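Colleague: What follows is a structure written as C-alpha cells; I'll ask about it next.
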Ligand code: NDP
C-alpha cells in the first residue's frame, strides 16, 4: 500500500516556519508582515475561503487587512483600492479572491496588482519570470505540490512527470515548475488521445482536472507517486480526480482529498507573503 502524503502535516510545518520568521522579524525589525485580502460580492464559497485565509494569517502572525466590497462596486473603485494597497508599505501581499462577480474583468484587476505584491503568482510578469526560472512569487497550488514532493523526498530530476490539466492557475505553472526542476514533463488535457497510455508513463502523476475519480488504478504505473489537485463536491463530500481507494494499492505514494494539496495551497500563500515582505525589504529569503 502507498505512503499517504499528509498535506495537513506538511502545511502545519510550513505554518510553524512562517510563524517563527514573523516573530523574529517583529523582534528584530519591529515590523509586521501584512496581507490584504479583497473580496468583491457575496459568493458563499469565496466568503469561506477568505475567512480561512484571514484565520491562517492570524495563526502565523501575519496581519490581514480585509476589504469586503459589494458586487456592484465600480471597476474604477476596485482599481483605486488596489493602487492604494500597492503604495502602502504595511501591505506586503495583495490577494483578490476569485472569481470576481460576473461582468468584472479579472485580468484587468489582477494585472493591476504590483508584481512584488502578487502573492497568488497570477500576474503575467510573475508567470513570465517563472518560465525563465527567476520567479520570486509563484502560484500557490502548484508550489504546494512541489513542496509535498520535496518534503517526502520524491526525486523530481529526471523523473517523467505527467500533469493532467493545463489551466493558468494550476496545470501550466505546475508543468513549468517541474521543468525548472529538470523533470521530463508531459501535459495532458481534454484533447489528449488515449489519456491512460500517457498517464501510465508517469513516475509522478499530477491530476488537476476537476472530474471525480477519473484517474483509475489501470491508468497508474505501479510505484508511481500520485498528487491529486482536483476537488469536486460529490454530495456533501469533497472528492479528488483520483480513485483513491484503488490507486493507493498501485502507487508508491499518494495525496488524499481532502488533506493533501488543499492545505498546502493555504500554507503557500502565507509563505509567499513572507517571501514578498523579505524581497520588498531587500532581506535574504
Ligand atoms: P480548469 O477547469 O481551469 O482546468 C481543468 C483542466 O482539465 C483543463 O486543462 C482541461 O482541459 C482538463 N480536462 C478536462 N477534462 C479532461 C479530461 N477528461 N481529460 C483530461 N483533461 C481534462 O480547472 P483548474 O485548473 O482551476 O482546477 C482543476 C481542479 O483542481 C479543480 O477540481 C479545482 O477545484 C482544483 N483546485 C484545487 C485547489 C486546491 O487547493 N486543492 C486549488 C485550485 C484548483 P482543456 O484545457 O482542454 O479544457
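Numbering (the working numbering), first residue to last: 8 to 292. The beta carbon of each residue, even a glycine, is placed where N, CA and C say it ideally should be. Because the structure is a prediction, the values reported are computed rather than measured.
1. Helix, strand or coil for residue 55, going by three-state DSSP, please let me know.
2. Name the DSSP bridge partner or partners of residue 246?
3. Please confirm whether residue 203 and residue 168 have their CB atoms less than 8 Å apart.
4. Given 7 Å as the limit, tell me if residue 215 has its C-beta closer than that to any heavy atom belonging to ligand 1.
5. Provide the residue span of the alpha helix (DSSP H) that contains residue 41, from first to last.
6. Taking DSSP's pairing of strands, which residues face residue 232 in a bridge?
7. I'd like to know whether the C-beta atoms of residue 262 and residue 14 end up nearer to each other than 8 Å.
8. Are residue 242 and residue 218 closer than 8 Å when you measure CB to CB?
9. As an exercise, report each continuous beta strand (DSSP E) stretch of at least 3 residues that is fully enclosed by the segment 99-181, in chain order.
10. Taking residue 192 as part of the beta strand (DSSP E), name the residues at either end of that continuous run.
11. Count the other CB atoms, across all protein chains shown, that sit within 10 Å of the CB of residue 125; report buried if there are 16 or more and exposed otherwise.
12. DSSP state of residue 290, grouped into three classes?
13. Specify, as a first and last residue, the run of the beta strand (DSSP E) that residue 70 falls within.
14. Tell me whether residue 218, by its Cβ, gets closer than 7 Å to a heavy atom of ligand 1.
15. By how many angstroms is the C-alpha of residue 109 removed from the C-alpha of residue 18?
16. Look at the Cβ atom of residue 250, then the Cβ atom of residue 222, and state whether they are nearer than 8 Å.
17. Quick one: Cα of residue 131 to Cα of residue 138, how far?
18. Using the DSSP secondary-structure output, state which residues sit across from residue 10 in a beta bridge.
19. Might you give, ordered along the chain, the residues of its own chain that have their beta carbon closer than 6 Å to the beta carbon of residue 170, omitting 5 neighbours on each side?
20. Give a single yes or no on whether residue 196 has its beta carbon closer than 7 Å to a heavy atom of ligand 1.
Modeller: Reading off the structure:
1. helix
2. 239
3. no
4. yes
5. It is not in any alpha helix (DSSP H) - residue 41 instead sits in the beta strand (DSSP E) that spans 41-47.
6. 211, 260
7. yes
8. no
9. 100-103, 167-171
10. 191-195
11. buried
12. coil
13. 70-76
14. yes
15. 33 Å
16. yes
17. 11 Å
18. 260
19. 178, 181, 182, 194, 213
20. yes
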